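Have a look at the structure below, then the notes.
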Amino acid sequence: MTVARRLALVFPGFEPIPVEAHCARFIREAKKNAPVFDMEIAASEPVFDRETVSTGDFTINASGAGWRTDTEIVLYGLGDLNDIYAERGAILRVISGLAALADFVATGTFFRFVRTSWRYGLFFLYPVALFLAAVLIGIAVARWLPGGWEFRWVAGLVAFALALWLASAKMHFLLMMDDWACARDMARGGRTEIVERIDQVAADIDRRIASADVDEVLFAAHSFGAITAVLGLERVLGRMRKLPESGLLTTGSSLLKVALHPAARKLRKAVEAVVTSPVDWIDVQSLTDPINFYGSDPRKALGIVAGTGPHIMRVRFRNQLTDRSYRAIKRNFFRVHRQFVYASEKRTHYSFHAILCGPQRLSEIAAAGGLAARWPASGVTEARQP
2 MTVARRLALV
12 FPGFEPIPVE
22 AHCARFIREA
32 KKNAPVFDME
42 IAASEPVFDR
52 ETVSTGDFTI
62 NASGAGWRTD
72 TEIVLYGLGD
82 LNDIYAERGA
92 ILRVISGLAA
102 LADFVATGTF
112 FRFVRTSWRY
122 GLFFLYPVAL
132 FLAAVLIGIA
142 VARWLPGGWE
152 FRWVAGLVAF
162 ALALWLASAK
172 MHFLLMMDDW
182 ACARDMARGG
192 RTEIVERIDQ
202 VAADIDRRIA
212 SADVDEVLFA
222 AHSFGAITAV
232 LGLERVLGRM
242 RKLPESGLLT
252 TGSSLLKVAL
262 HPAARKLRKA
272 VEAVVTSPVD
282 WIDVQSLTDP
292 INFYGSDPRK
302 ALGIVAGTGP
312 HIMRVRFRNQ
322 LTDRSYRAIK
332 RNFFRVHRQF
342 VYASEKRTHY
352 SFHAILCGPQ
362 RLSEIAAAGG
372 LAARWPASGV
382 TEARQP
């Protein structure tokens, strides 16, 4: 049975860009993706709201041979969470980021990363390696540069600072420091601004679902956004007696980044609520991406015995892109990580935009292990207008 009307609640990752840019990217990539899946797509102009939480709301009208699906996209702009950390001075950002990394080691969380997905352990060590490289550069300059010790000491500090600046400009070092600081705070509940913002998002989700007249509600999250999506979904499950048919799509998820921390009891409880509910959950992973927990099962990794989800879907970006496109991105692992929410150039069993905008229900996609090779005709000639 196909979908005529859908509500999709979309949660982006930890990216320092405004909701307007997220909406523009979604629409651009959905239109690029449409011909690959034999779709025609029209998008309404996004309406932005910042009264309580930053959102972009627009409708995607997708159609193909014998079907039409109207999807209301509500995209939650959580860039202000980035701002909480990025607005601080560089020295404080580095110190708090390193302190967060030390916290993850001291609590044993890093070792759980390695046990769950060893590639993620390497990603954890990446900013540490960048920092140590900058330290070694500073020491080398101070030791080998000719002149008095005062001059060499200052030159070493300058070299250290320049190395960190370069690591931030080219390799996102400061963004990673903020990312780990935020992950630590989310695990420990250490910042009231973050707790309040997640509560505001959850309240907005409640309001939208309560008034929705749709065939399906989808929670769709990329990377760090999976944490907000799961917490929001748990709240809906606890408050609504009768929930519309709903699904959860997590792609390149960073859920375990926080949930494996011993202090993240609230998040683990939310995961348990989701996997023991009727909600279908697809977790999309890629071996090419070092920033996701490839090969993991979130329920099993967290020691949750009850429940049956999620359905694990593995993708190879090489199979979705032309050779030229794949070569252009494969050495930039942040760009590879974003490929989960970018357009495909070849039709495969996974496409972020085809799942959110196409006629198939998430439950059917989960049961089949991926998107259909051809869209089923729905018999819908005119969907109800939003």
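Residue numbers (the numbering used here): 2 to 387. We put the beta carbon where it would ideally sit given N, CA and C, even for glycine. Predicted model, so just to flag it, every value in this text is computed and none were measured.
Would you grab the beta carbon distance between residue i and residue j for me? Rounded to a whole angstrom, and I think it's under 8 Å.
i, j, result
"PHE353", "THR252", "6 Å"
"ILE228", "SER255", "7 Å"
"ARG120", "LEU261", "Not confirmed; about 15 Å, so no contact."
"MET40", "GLY65", "5 Å"
"LEU146", "ALA156", "5 Å"
"THR56", "VAL20", "7 Å"
"GLY14", "HIS223", "5 Å"
"LEU175", "ARG94", "5 Å"
"LEU357", "ALA221", "6 Å"
"LYS32", "ILE42", "5 Å"
"GLY98", "ASP179", "7 Å"
"VAL280", "LEU322", "Going by Cβ atoms, the distance from VAL280 to LEU322 rounds to 31 Å, so no, they are not a contact pair."
"ILE195", "LEU82", "6 Å"
"ILE138", "ALA160", "5 Å"
"ALA307", "PHE38", "Actually they are not in contact, since the Cβ atoms of ALA307 and PHE38 sit about 36 Å apart, beyond 8 Å."
"PRO299", "PRO291", "Going by Cβ atoms, the distance from PRO299 to PRO291 rounds to 18 Å, so no, they are not a contact pair."
Can you tell me where the alpha helix (DSSP H) with residue i in it begins and where it stops?
i, result
"TYR121", "119–145"
"PHE1", "Any answer about residue 1 is impossible in this case: the structure gives the chain only from 2 up to 387."
"THR229", "226–240"
"HIS354", "353–358"
"ILE366", "363–369"
"PHE335", "334–339"
"LEU257", "256–260"
"LEU268", "266–276"
"ALA299", "Reading off the sequence shown, one finds Pro at residue 299, where the question assumed Ala. Here the alpha helix (DSSP H) through PRO299 covers 299–302."
"ARG29", "20–34"
So, does the CB of residue i fall closer than 8 Å to a CB anywhere in chain D?
i, result
"LEU76", "Absent here is chain D; the protein component of the structure consists of one chain."
Roughly how many angstroms lie between the CA atoms of residue i and residue j, to the nearest whole one?
i, j, result
"HIS350", "PRO36", "15 Å"
"ARG348", "ARG7", "22 Å"
"LEU219", "GLY191", "30 Å"
"MET241", "VAL275", "14 Å"
"ASP388", "LEU303", "Here the chain covers residues 2 to 387 and nothing more, so residue 388 does not appear."
"ILE140", "MET177", "24 Å"
"ALA103", "PRO263", "14 Å"
"ILE61", "ARG362", "16 Å"
"ILE92", "CYS183", "16 Å"
"SER379", "ILE74", "Low confidence applies here, because SER379 scores a pLDDT of 49, under 50, leaving its location unreliable; read the following figure in that light. C-alpha separation (whole angstroms): 21 Å."
"LEU165", "HIS173", "10 Å"
"PRO387", "ARG319", "Residue confidence is low: PRO387 scores 30 on pLDDT, short of 50, so the model does not pin down where it sits. Its coordinate-derived value is still stated next. Using only the alpha carbons, I get a separation of about 37 Å."
"SER297", "ALA5", "33 Å"
"TRP154", "VAL129", "23 Å"
"GLU246", "LEU76", "20 Å"
"TYR327", "ALA9", "29 Å"
"LEU372", "ALA101", "39 Å"
"GLU197", "GLU151", "48 Å"
"THR1", "ALA203", "No statement about residue 1 is possible, as the shown extent of the chain runs from 2 to 387 and does not include it."
"ARG89", "ARG315", "38 Å"
"GLU365", "LEU131", "44 Å"
"ASP216", "ARG209", "14 Å"
"ARG336", "ASP324", "16 Å"
"GLU346", "GLU30", "11 Å"
"ARG116", "ILE96", "27 Å"
"ALA1", "LEU250", "Outside the modelled stretch of the chain, which goes from 2 to 387, sits residue 1, for which no answer is possible."
DSSP beta-bridge partners for residue i?
i, result
"TYR77", "THR56"
"MET314", "VAL285"
"ILE42", "ALA63"
"PHE49", "GLY57"
"ARG252", "It is Thr, not Arg, that sits at residue 252 in the sequence shown. In the DSSP output, where bridge partners are listed per residue, THR252 has HIS223, VAL285."
Identify the continuous beta strand (DSSP E) that holds residue i and give its terminal residues.
i, result
"VAL218", "217–223"
Would DSSP call residue i helix, strand or coil?
i, result
"VAL11", "strand"
"ASP71", "strand"
"ASP324", "helix"
"SER97", "helix"
"SER247", "strand"
"ARG6", "strand"
"THR193", "helix"
"THR309", "coil"
"PHE294", "coil"
"GLU16", "coil"
"ALA156", "helix"
"TRP376", "coil"
"ARG116", "helix"
"ASP214", "coil"
"ALA164", "helix"
"VAL280", "coil"
"SER169", "helix"
"GLU151", "helix"
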